[in-house]
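Protein sequences appear in the order of chains A and B.
Under this note's numbering, the very last position in the first sequence is 126; numbers go up by exactly one each time.
Under this note's numbering, the very last position in the second sequence is 252; numbers go up by exactly one each time.
C-beta: ideal position from N, C-alpha, C; glycine also.
Notes to accompany the following structure.
2 protein chains.
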Amino acid sequence: MRNTIQRTLICQTVTRMHNHPSADMVYERLHRDYPGIGRATVYRVLQSLAQQGLVRKVCLPSADRYDFTLYPHAHIFCRVCGRVEDMPDPDDRRTPTFPTEQNGFTVEARDVIYRGICADCKSNVL
Amino acid sequence: MRNTIQRTLICQTVTRMHNHPSADMVYERLHRDYPGIGRATVYRVLQSLAQQGLVRKVCLPSADRYDFTLYPHAHIFCRVCGRVEDMPDPDDRRTPTFPTEQNGFTVEARDVIYRGICADCKSNVL
DNA sequence: GTATTAAATGATATATAATCTCATTAGAAC
DNA sequence: GTTCTAATGAGATTATATATCATTTAATAC
Chain A
1 MRNTIQRTLI CQTVTRMHNH PSADMVYERL HRDYPGIGRA TVYRVLQSLA QQGLVRKVCL
61 PSADRYDFTL YPHAHIFCRV CGRVEDMPDP DDRRTPTFPT EQNGFTVEAR DVIYRGICAD
121 CKSNVL
Chain B
127 MRNTIQRTLI CQTVTRMHNH PSADMVYERL HRDYPGIGRA TVYRVLQSLA QQGLVRKVCL
187 PSADRYDFTL YPHAHIFCRV CGRVEDMPDP DDRRTPTFPT EQNGFTVEAR DVIYRGICAD
247 CKSNVL
């Protein structure tokens with residue numbers, strides 16, 4: 001695996017964005033300062049970073065989001081504005097070390113998603 | 127809300143499919159026997175059934191899936207073939223009744239997704 | 001039963017997310 | 001510097017889902 005400028009930039013950017021960005025959000029941010037960078041590269045590199053375990057990929061409505069915080073935690077998703085925030089995972093302490101066997105599956109990871117509406121959207125709707 | 131033939135058929139079909147189908151899977155199944163039914167209708171009706179709480183919508187990689195089992199439970203997703211199965215939710219007994227307040231959010235629902243590889247795919251890969 | 005009316009439908013267009021193709025570029029090793 | 005091949009980027013393509021809008025039809029009134 002080669003250490004390209006693009007990979008470094010994408011890594012830096014996703015680490016500095018604290019809003020659980022989608023691949024496209026990372027691309028848009030990066031594209032401002034480096035117009036040469038390609039969308040496909042951002043998608044590819046983020047995918048690869050997730051496979052290496054350097055970032056966490058979370059499947060949420062409308063798009064996959066990336067999170068550089070690797071410590072186990074849950075997420076809350078606002079169904080109105082799409083905002084994502086970290087939450088404590090109530091099951092953390094009991095979470096087994098993966099992989100684990102269950103129902104014939106080899107379980108490799110666990111995601112906990114809370115859905116609801118954030119404070120801002122609540123006040124805007126009312 | 128009107129009681130249309132299409133709505134009845136979609137309701138029946140999703141209840142009879144035990145593989146956590148996507149909207150498209152329901153459409154394809156239904157379209158075999160009733161070629162007149164439209165894709166948009168299936169998407170719309172499933173969405174509406176989910177909003178009414180008559181089916182559960184689960185956001186998973188590649189597509190949203192529907193589940194007619196309303197009792198709280200988690201899901202396991204095979205990253206190879208996309209198969210989805212029900213799992214016990216270890217946190218069931220502690221799960222609060224929604225909505226609940228948390229971090230300024232009004233939490234309305236909770237989803238637990240396990241990711242891994244199913245027995246069939248394991249033996250095919252090896 | 002028929003007439004009325006608005007909600008639902010379905011064909012199609014559009015939007016969005018994500019991946020694929022492939023010629024070109026540029027790390028890494030020498 | 002040269003070589004080699006992985007990575008990139010422009011653009012096409014696929015897949016998922018939603019929006020548009022003329023037409024149909026369920027529900028109600030009569």
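Assuming residue i contacts residue j under a Cβ cut-off of 8 Å, what Cβ separation, rounded to an integer in Å, is found between them?
{"i": "residue 213 (chain B)", "j": "residue 103 (chain A)", "result": "7 Å"}
{"i": "residue 67 (chain A)", "j": "residue 56 (chain A)", "result": "4 Å"}
{"i": "residue 70 (chain A)", "j": "residue 11 (chain A)", "result": "Contact doesn't hold; Cβ gap of about 14 Å is too wide."}
{"i": "residue 146 (chain B)", "j": "residue 171 (chain B)", "result": "Wrong, their Cβ atoms sit about 17 Å apart, outside the cutoff."}
With which residues is residue i paired in a DSSP beta bridge?
{"i": "residue 22 (chain A)", "result": "A:65"}
{"i": "residue 212 (chain B)", "result": "B:201"}
{"i": "residue 183 (chain B)", "result": "B:192"}
Any beta carbon of chain A sitting closer than 8 Å to that of residue i?
{"i": "residue 237 (chain B)", "result": "yes"}
{"i": "residue 176 (chain B)", "result": "no"}
{"i": "residue 234 (chain B)", "result": "yes"}
{"i": "residue 161 (chain B)", "result": "no"}
On the DSSP letters alone, give me the boundaries of the beta strand (DSSP E) that residue i sits inside.
{"i": "residue 240 (chain B)", "result": "231 to 243"}
{"i": "residue 76 (chain A)", "result": "74 to 78"}
{"i": "residue 41 (chain A)", "result": "Counting along the chain, residue 41 (chain A) falls outside any beta strand (DSSP E), though it belongs to the alpha helix (DSSP H) covering 39 to 51."}
{"i": "residue 226 (chain B)", "result": "226 to 228"}
Assuming contact is defined by CB atoms lying nearer than 8 Å, are residue i and residue j in contact in what I supplied?
{"i": "residue 184 (chain A)", "j": "residue 235 (chain B)", "result": "It is not possible to answer for residue 184 (chain A), since the shown part of chain A is limited to 1 through 126."}
{"i": "residue 233 (chain B)", "j": "residue 76 (chain A)", "result": "yes"}
{"i": "residue 153 (chain B)", "j": "residue 140 (chain B)", "result": "no"}
{"i": "residue 200 (chain B)", "j": "residue 148 (chain B)", "result": "no"}
{"i": "residue 231 (chain B)", "j": "residue 37 (chain A)", "result": "no"}
{"i": "residue 81 (chain A)", "j": "residue 120 (chain A)", "result": "yes"}
{"i": "residue 135 (chain B)", "j": "residue 156 (chain B)", "result": "yes"}
Step through the CB atoms of chain B and report whether any lies within less than 8 Å of the CB of residue i.
{"i": "residue 60 (chain A)", "result": "yes"}
{"i": "residue 72 (chain A)", "result": "no"}
{"i": "residue 27 (chain A)", "result": "no"}
{"i": "residue 118 (chain A)", "result": "yes"}
{"i": "residue 78 (chain A)", "result": "yes"}
{"i": "residue 87 (chain A)", "result": "yes"}
{"i": "residue 21 (chain A)", "result": "no"}
{"i": "residue 153 (chain A)", "result": "Only positions 1 to 126 of chain A appear in the structure, and residue 153 (chain A) is not among them; the question remains open."}
{"i": "residue 66 (chain A)", "result": "no"}
{"i": "residue 56 (chain A)", "result": "no"}
{"i": "residue 114 (chain A)", "result": "yes"}
Name the two residues that bound the continuous alpha helix (DSSP H) containing residue i.
{"i": "residue 139 (chain B)", "result": "131 to 142"}
Say yes only if the C-beta of residue i is nearer than 7 Å to one or more non-hydrogen atoms of the ligand COA, and no if none qualify.
{"i": "residue 98 (chain A)", "result": "Among the components of this structure there are no ligands whatsoever, and the ligand COA is therefore not found."}
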